[in-house]
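**Student:** Protein chains in written order, with UniProt numbering: chain A, 1 to 389; chain B, 1 to 139. Yeah, the Cβ is synthetic: ideal placement off N, Cα and C, and Gly gets one too. Because the structure is a prediction, the values reported are computed rather than measured. Shown below is the structure under consideration.
The following block contains the structure:
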């Protein structure tokens with residue numbers, strides 16, 4: 001490679017249908033290879049040209065194992081963002097950006113695949129051993145319970161009204177209603193339907209909770225210069241950031257500080273600083289919604305609202321396309337399009353900015369993707385229709 | 001969330017082993033730096049304040065305030081399935097630098113800020129073979 005690139009852009013996206021967990025007809029790696037093939041076709045390049053692989057969390061699909069079936073010409077980058085869950089979903093994009101800008105790799109795929117039937121990810125990585133003895137001995141052994149604890153304090157101590165949680169759920173299902181590929185398509189989440197849905201872990205109801213699907217998604221990034229040669233619709237990455245809010249954050253048996261934070265303060269601040277963009281400039285957010293409570297924390301930490309005005313700002317009308325002040329999860333998101341640990345959100349950001357979303361936001365130029373609130377590490381990525389220069 | 005930070009093949013070699021052996025003996029022990037006296041929780045190998053590896057354990061009274069709480073309806077944990085719905089509290093210990101412990105709440109009725117007292121309960125199949133504290137709201 002010659003001169004180092006100064007920016008990166010997405011040139012291709014690929015996603016498989018969402019299957020109910022455990023119901024994929026294809027093995028996990030086959031799903032992933034299909035998603036990568038679709039992304040390469042979208043980019044107009046042979047899949048063998050991909051020279052970098054980035055994923056996150058407990059992914060078992062190592063880039064080195066994908067190189068064989070993809071016919072990779074030269075493997076130059078293969079990295080995993082540490083940290084459980086989807087905290088690194090936008091962080092894997094940051095990893096790709098770092099690889100391309102530094103000249104380590106030229107064409108990098110960021111991906112997630114999960115097929116419970118073949119990898120048993122949820123059973124193996126989440127249900128067994130993610131929560132240590134300080135949790136398990138007391139009957140606490142699931143993300144719903146740990147995030148329920150944060151959410152209860154958010155409501156009871158910080159004063160966030162439960163209506164903010166409901167608005168997030170309703171906006172996601174509303175968008176899914178216009179997305180024929182969404183698993184939550186056809187669910188009319190009225191106030192009554194939401195309020196009467198069963199508790200999973202108080203304060204979280206069924207409709208506050210995502211349910212993991214079998215699916216795979218991939219996005220391909222390359223230098224902005226090259227992207228303009230490959231496609232007439234490059235989606236530029238203005239900034240990305242990854243990390244944990246310190247000093248007391250990590251998997252700390254509920255001793256995190258500040259406890260109800262999403263751990264996105266630091267990643268958010270760096271995205272705004274790097275891009276020169278402010279939250280009020282953003283046209284839509286593909287928000288990671290594992291559960292609605294953490295999503296509220298994330299919107300506060302990323303600067304879209306405050307704990308004081310969250311109840312006023314986080315309303316159904318404000319959160320939906322095309323006219324809301326801040327449309328979120330325009331494909332239905334993790335709650336209602338399908339849960340793929342956040343990678344579906346990056347795909348939807350690209351669709352939205354290309355004008356291909358089921359829920360378009362007219363004139364949208366800037367879309368933020370957030371990764372994994374209340375994970376021990378989190379991340380954010382800001383995409384745009386122009387390179388910002 | 002993961003236990004790997006402190007994991008050891010042999011349970012007795014875990015960094016928090018004194019906490020569990022204390023519970024078995026009816027004593028709540030929290031880690032504290034021998035050098036700078038800073039409370040360290042959850043337990044780890046190095047004092048984040050002064051860098052010392054010389055960390056000790058001190059017994060504190062099993063009382064605290066409710067920092068947060070949940071009521072579990074879905075039987076996520078098979079050993080607790082017969083109890084659903086059951087309440088858990090996250091208890092803050094002001095006398096131990098604000099260390100927070102998860103526990104089962106018995107008797108219900110506790111809200112954030114309420115004072116609770118711990119009862120030592122012997123290890124059982126339900127508690128994954130570990131001694132625990134259960135918590136009750138003080139009247």
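Cα-Cα, which of A:377, A:371, A:345 is closest to residue 13 of chain A?
**Tutor:** If you number the first chain from 1, residue 13 of chain A lands on position 13. The shortest C-alpha separation from residue 13 of chain A is found at A:345.
**Student:** Could you tell me the boundaries of the alpha helix (DSSP H) in which residue 347 of chain A lies?
**Tutor:** Counting from 1 along the first chain, the entry for residue 347 of chain A is found at position 347. Per DSSP, residue 347 of chain A belongs to the alpha helix (DSSP H) from 343-354.
**Student:** By a C-beta neighbour count over all protein chains shown, 10 Å radius and 16 as the cutoff for buried, is residue 50 of chain B buried or exposed?
**Tutor:** If you number the second chain from 1, residue 50 of chain B lands on position 50. When all chains shown are included, residue 50 of chain B counts as exposed.
**Student:** In this structure, does DSSP put residue 127 of chain A in helix, strand or coil?
**Tutor:** The count along the first chain starts at 1 and reaches residue 127 of chain A at position 127. Bear in mind that the predicted position of residue 127 of chain A carries a pLDDT of just 49, short of 50, making it unreliable; the figure below should be weighed with that in mind. Residue state, collapsed to three classes: coil.
**Student:** Between which two residues does the alpha helix (DSSP H) harbouring residue 318 of chain A extend?
**Tutor:** One-based indexing of the first chain puts residue 318 of chain A at position 318. From DSSP, the alpha helix (DSSP H) with residue 318 of chain A extends over 316-319.
**Student:** Could you check which residue in B:55, B:53, B:61, B:74 has the C-alpha nearest to that of residue 201 of chain A?
**Tutor:** The residue labelled residue 201 of chain A in the question sits at position 201 within the first chain. Considering only alpha carbons, the answer is B:74.
**Student:** Just to make sure I have the definition right: I need the residues of chain A whose C-beta is within less than 8 angstroms of the C-beta of residue 52 of chain B. Which are they?
**Tutor:** One-based indexing of the second chain puts residue 52 of chain B at position 52. Ordered by position in chain A, no residue passes the 8 angstroms Cβ test against residue 52 of chain B, which lies about 17 angstroms from the chain.
**Student:** Give a yes or no on contact between the stretch 100-108 of chain B and the stretch 252-260 of chain A, applying the rule of three or more CB pairs nearer than 8 angstroms.
**Tutor:** Touching, per the Cβ criterion.
**Student:** Taking Cβ-Cβ distances shorter than 7 angstroms, what residues in chain A pair up with residue 18 of chain B?
**Tutor:** Mapped onto the second chain, residue 18 of chain B falls at position 18. Those within 7 angstroms of residue 18 of chain B in chain A number zero; the least Cβ separation is about 14 angstroms.
**Student:** Around the Cβ of residue 260 of chain A, are there at least 16 other Cβ atoms within 10 angstroms (buried) or fewer (exposed)?
**Tutor:** For the purposes of this step, residue 260 of chain A is taken as residue 260 along the first chain, with counting starting at 1. It counts as buried.
**Student:** How would you label residue 122 of chain B, buried or exposed, when you count the other beta carbons within 10 angstroms and need 16 or more for buried?
**Tutor:** Walking along the second chain from the start, residue 122 of chain B turns up at place 122. Label assigned to residue 122 of chain B: exposed.
**Student:** How about residue 182 of chain A and residue 331 of chain A: do their beta carbons lie closer than 8 angstroms?
**Tutor:** Along the first chain, one-based indexing puts residue 182 of chain A at 182. Along the first chain, one-based indexing puts residue 331 of chain A at 331. For residue 182 of chain A and residue 331 of chain A, yes; Cβs fall inside 8 angstroms.
**Student:** Could you please give me the residues that DSSP links to residue 52 of chain A through a beta bridge?
**Tutor:** The residue given as residue 52 of chain A occupies position 52 in the first chain. DSSP output for residue 52 of chain A lists A:77, A:108 as bridge partner(s).
**Student:** Taking the alpha-carbon of residue 155 of chain A as reference, which of B:85, B:69, B:78 has the nearest alpha-carbon?
**Tutor:** By one-based count along the first chain, residue 155 of chain A stands at place 155. Of the listed residues, the one whose Cα sits closest to residue 155 of chain A is B:69.
**Student:** Taking beta-carbon pairs under 7 angstroms, can you tell me which members of the stretch 11-40 of chain B lie near chain A?
**Tutor:** If the cut-off is 7 angstroms between Cβ atoms, the stretch 11-40 of chain B has nothing near chain A.
**Student:** Residue 64 of chain A lies in the alpha helix (DSSP H); which residues open and close that run?
**Tutor:** Position 64 of the first chain, counting from 1, holds the residue named residue 64 of chain A. 63-70 is the extent of the alpha helix (DSSP H) around residue 64 of chain A.
**Student:** So, is the C-beta of residue 341 of chain A closer than 8 angstroms to a C-beta in chain B?
**Tutor:** Position 341 of the first chain, counted from the start, is the residue given in the question as residue 341 of chain A. Chain B, which has no Cβ nearer than 8 angstroms to the Cβ of residue 341 of chain A, makes this no.
**Student:** Spell out the partners DSSP gives residue 213 of chain A in its beta bridges.
**Tutor:** Taking the first chain and counting its residues from 1, one reaches residue 213 of chain A at position 213. A:20, per the DSSP bridge assignment.
**Student:** Does residue 455 of chain A come within less than 8 angstroms of chain B when only Cβ atoms are used?
**Tutor:** In the structure as shown, chain A begins at 1 and stops at 389. Residue 455 of chain A is therefore absent and cannot be evaluated.
**Student:** Can you tell me whether residue 263 of chain A is buried or exposed, with buried defined as 16 or more other CB within 10 angstroms of its CB?
**Tutor:** What you label residue 263 of chain A is simply residue 263 of the first chain in a count that begins at 1. Residue 263 of chain A comes out buried.
**Student:** Three-state secondary structure (DSSP) at residue 34 of chain A?
**Tutor:** Here residue 34 of chain A refers to the residue found at position 34 when the first chain is read from its first residue. Note: residue 34 of chain A maps to helix in three-state DSSP.
**Student:** When the Cα atoms are used, what is the spatial distance from residue 270 of chain A to residue 281 of chain A?
**Tutor:** Residue mapping note: residue 270 of chain A aligns to position 270 of the first chain, counting from 1. Residue mapping note: residue 281 of chain A aligns to position 281 of the first chain, counting from 1. Roughly 16 angstroms separates the two Cα atoms.
**Student:** CA-CA distance, residue 127 of chain A and residue 141 of chain A?
**Tutor:** Counting from 1 along the first chain, the entry for residue 127 of chain A is found at position 127. Counting from 1 along the first chain, the entry for residue 141 of chain A is found at position 141. Residue placement at residue 127 of chain A cannot be trusted, given a pLDDT of 49 that sits under 50; the coordinates are not used to answer.
**Student:** Mind checking residue 216 of chain A: buried by the 16 CB within 10 Å criterion, or exposed?
**Tutor:** The sequence position of residue 216 of chain A within the first chain is 216, counting from 1. By the 10 Å Cβ count, residue 216 of chain A comes out buried.
**Student:** Kindly indicate which three-state DSSP category residue 172 of chain A falls into: helix, strand or coil?
**Tutor:** Walking along the first chain from the start, residue 172 of chain A turns up at place 172. Helix, per DSSP.
**Student:** Please report the distance separating the alpha-carbon of residue 274 of chain A from that of residue 120 of chain B.
**Tutor:** In the first chain, the residue the question calls residue 274 of chain A occupies position 274. In the second chain, the residue the question calls residue 120 of chain B occupies position 120. Roughly 52 angstroms between the two C-alpha positions.
**Student:** Under 8 angstroms between beta-carbons, which chain A residues line up against residue 132 of chain B? List them in chain order, please.
**Tutor:** The sequence position of residue 132 of chain B within the second chain is 132, counting from 1. What residue 132 of chain B touches in chain A: 137, 138.
**Student:** Residues in the same chain with beta-carbon distance under 6 angstroms from residue 391 of chain A, minus the five sequence neighbours each way, listed in chain order, please.
**Tutor:** Chain A is shown only over 1 to 389; residue 391 of chain A falls outside these bounds and no answer can be derived.
**Student:** Look up residue 57 of chain B in the DSSP assignment and say whether it is helix, strand or coil.
**Tutor:** Locating residue 57 of chain B in the second chain gives position 57, where the first residue counts as 1. Strand at residue 57 of chain B.
**Student:** Between the beta-carbon of residue 387 of chain A and the beta-carbon of residue 7 of chain A, is there less than 8 angstroms?
**Tutor:** As a working mapping, residue 387 of chain A is identified with position 387 in the first chain. As a working mapping, residue 7 of chain A is identified with position 7 in the first chain. A contact, by the Cβ cut-off of 8 angstroms.
**Student:** For the putative contact between residue 339 of chain A and residue 211 of chain A, defined by C-beta atoms under 8 angstroms, what is the C-beta separation to the nearest angstrom?
**Tutor:** To locate residue 339 of chain A, count along the first chain from 1; it is residue 339. To locate residue 211 of chain A, count along the first chain from 1; it is residue 211. Right, the Cβ-Cβ distance comes to about 6 angstroms (below 8 angstroms), so this counts as a contact.
**Student:** On a CA-only basis, which of A:284, A:208, A:300 is nearest residue 334 of chain A? Give me that one, please.
**Tutor:** Your numbering for residue 334 of chain A matches position 334 in the first chain. The shortest C-alpha separation from residue 334 of chain A is found at A:208.
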